[in-house]
Amino acid sequence: MKKIYLLVLCLVVTLTSCQFSENIYINDDGTGKMSFVFDGSELMKMGGDAMAKEGKEEVIDSTIVFKDFFKEKKDSIAKLPKEEQEALKSLEKFTMHMLMNPQEQQMKFDLFTEFNNVNELQDMMAAMNKANSLKKENQSADNPFSSFGNGGGTKMEYTFKKGVFKRKAIIVDKELHQQAMDSLGEAEMMLSSSSYVLNYHFPKPVKSVSNENAMFSADRKSFKIEVSFMDYLKDPEMLNLEVKLED
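Going by mature numbering (1 follows the signal peptide of the UniProt record, and there is no 0), the letters in the sequence shown line up with residues -21 to -1, 1 to 226, in that order.
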């Protein structure tokens, strides 16, 4: 099953659009949850038939708690270079849920964690970047989260003070950012037809948001913004936001 899945993913991923989502849920007390979701259901619509023909319709629905996983594999991890150990350790707060169902044509990976304060979000993005730095050049098609994080010469900042939420991407190294764009290779084809979506949820209705393309829920406590993933990678500042909540 794994070999067939990887083959299908590698062959089809460059021809089919996917959706990458950054989801944030903020509670009244400032705590909340962040998740990064890769939805490759369009891939499964094309690859699921191939799996069915092979008689491989096994449903995979599993959850990995990285803290427990690293504890179980601590002896093996201890043998890795220190830099790799630190990169893996940065993911301890994350949990990943993987769902693959050929019959229902579903393929979804959800990487999520909880936070006590919105300011912690930049640390979580940095952790994603550290983990992504471990991927080899030929693994990009196999790693659905390889394009998340704040690498490529950019960093992310999140703040939530006095009813005002801010999301800010900063290109701190223009040369490194350009190098990251130049190194995308075959992944650029997939990313050009894929979308990056912000799904943000707040404890109070939103009074205003700086992005005019925001689509609100009926109670105005949530909104969605969708852009081309490739456009976002080239210009991460395009999703900079200031959100003001009602009193």
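We put the beta carbon where it would ideally sit given N, CA and C, even for glycine. Computed from a predicted model, the values in this text were never measured in an experiment.
Straight-line Cα distance separating residue j from residue i
i	j	result
K145	E37	43 Å
I149	Q82	42 Å
K61	T92	24 Å
F139	V176	20 Å
E136	E99	9 Å
N117	M160	Bear in mind that the predicted position of N117 carries a pLDDT of just 39, short of 50, making it unreliable; the figure below should be weighed with that in mind. Approximately 16 Å, taken between the alpha carbons.
G19	K87	6 Å
L220	M107	21 Å
C(-4)	Q101	25 Å
K213	I43	32 Å
G142	A105	25 Å
E65	N192	39 Å
H156	K134	11 Å
D226	V185	10 Å
K46	V16	20 Å
T74	L90	6 Å
M23	F94	32 Å
Y211	M79	27 Å
S14	L70	13 Å
E216	M194	19 Å
V222	L163	32 Å
L59	K72	20 Å
E21	M168	15 Å
Q85	S55	33 Å
G9	V97	7 Å
I204	N190	8 Å
Proximity to residue i [Cα-Cα], best of the options
i	options	result
D7	F208, K183, A197	K183
F208	K58, K87, A166	A166
S(-1)	S173, S189, L155	S173
F48	V97, L67, I3, Y211	L67
K200	T74, L224, K153	L224
T153	G132, L170, M168, S171	The amino acid at residue 153 is misidentified as Thr; the sequence shows Lys. Among G132, L170, M168, S171, the Cα nearest to that of K153 belongs to G132.
A197	Y211, H180, N80	H180
G11	A57, K52, M103	M103
L170	K147, V188, V206, K53	V206
I39	N190, H76, K203, F202	H76
Run of the alpha helix (DSSP H) containing residue i, from where it starts to where it stops
i	result
residue 237	Here the chain comprises residues numbered -21 to 226, so residue 237 is not present and cannot be evaluated.
K213	208 to 213
Helix, strand or coil at residue i [DSSP, three-state]
i	result
D161	helix
E154	helix
D7	coil
L70	coil
N98	helix
E93	strand
E136	strand
E83	coil
E216	helix
E21	helix
N117	The pLDDT assigned to N117 is 39, lower than 50, so where the model puts this residue is not dependable; a value taken from the coordinates is nonetheless given after this. N117: helix per DSSP, three-state reduction.
Distance cut-off 6 Å: residue i Cβ against heavy atoms of the ligand FAD
i	result
K145	By its list of ligands, the structure shown contains no ligand whatsoever, and the ligand FAD lies outside what it can speak to.
> Where are the alpha helix (DSSP H) runs, 4 residues long or more, that stay fully inside the stretch 42 to 67, in chain order?
Replying inline: 45 to 51, 53 to 56
> What are the uninterrupted segments assigned as beta strand (DSSP E) that are 3 or more residues long and contained completely in the stretch 158 to 204, given in chain order?
Replying inline: 174 to 180, 185 to 188
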